[in-house]
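Residue numbers (my numbering): 76 to 214.
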């Protein structure tokens, strides 16, 4: 997303950044992204098993050994899941927030257009859309 967005900004087309953002947001919301685009590598270390900060990682690493690399993603309940156990249960709102965080790196370059072109996801609106309710913001 960021590479294409920067190209659009250099070309003087901030509107295209908004289009890319909206399309990626839609794909995340609809569960259309392939797992490879949102999972991450997690290296198993001694800290994985000993550190309180690594508690979520420890849960998925219980059958792994130090030095192993796991592919993980965040499940809808907030816990991590192994990519090999993926069952369309990713935390889509978490990934929408993550997209917005990446997009916010462009806020200074986009100025006042940023909030309109790359709106922050709203949990209540997301939940309503996921439940099949009509959005007040759709045409």
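A virtual CB, placed ideally from N, CA and C, is assigned to each residue, including glycine.
| task | Rank 165, 187 and 177 by C-alpha distance to the C-alpha of residue 105 and give the top, closest one. | result | Counting from 1 along the chain shown, the entry for residue 105 is found at position 30. Checked all of 165, 187 and 177; the closest Cα to residue 105 is 165.
| task | Let me know the secondary structure DSSP gives residue 131 once reduced to three states. | result | Position 56 of the chain shown, counted from the start, is the residue given in the question as residue 131. If DSSP states are grouped into helix, strand and coil, residue 131 belongs with the helices.
| field | Contacting residues, own chain, Cβ-Cβ under 8 Å from residue 87 (five flanking each side not counted) | value | Start at 1 with the first residue of the chain shown, and residue 87 comes out as number 12. The beta carbon of residue 87 lies closer than 8 Å to none in the same chain, with the five residues before and after it left out.
| request: Please name the residue, chosen from 118, 168 and 188, that lies closest to residue 147 on a Cα-to-Cα basis. | output: The count along the chain shown starts at 1 and reaches residue 147 at position 72. In this structure, 118 is the residue among 118, 168 and 188 with its C-alpha nearest to the C-alpha of residue 147.
| Helix or strand or just coil, what does DSSP make of residue 165? | Position 90 of the chain shown, counted from the start, is the residue given in the question as residue 165. Residue 165 falls in the strand class under three-state DSSP.
| request: Within its chain, find whatever has a CB closer than 8 Å to the CB of residue 181; leave out the 5 residues flanking it on each side and keep chain order. | output: Walking along the chain shown from the start, residue 181 turns up at place 106. Counting only residues of its own chain and dropping the five nearest sequence neighbours on each side, residue 181 has a CB closer than 8 Å to the CB of 77, 80, 81, 84, 92, 189 and 193.
| said: Just to confirm, is the Cβ distance from residue 110 to residue 161 under 8 Å? | reply: As a position in the chain shown, residue 110 is number 35, starting the count at 1. As a position in the chain shown, residue 161 is number 86, starting the count at 1. In contact: residue 110 and residue 161 (Cβ atoms closer than 8 Å).
| task | Look up residue 144 in the DSSP assignment and give the residues it is bridged to. | result | As a working mapping, residue 144 is identified with position 69 in the chain shown. Its beta-bridge partners are 118.
| query | Roughly how many whole angstroms lie between the Cα atoms of residue 206 and residue 185? | reply | As a working mapping, residue 206 is identified with position 131 in the chain shown. As a working mapping, residue 185 is identified with position 110 in the chain shown. Taking the Cα positions, residue 206 is about 33 Å away from residue 185.
| Under three-state DSSP, which class holds residue 150? | Working through the chain shown from its first residue, we reach residue 150 at position 75. Residue state for residue 150 is assigned as strand, using DSSP reduced to three classes.
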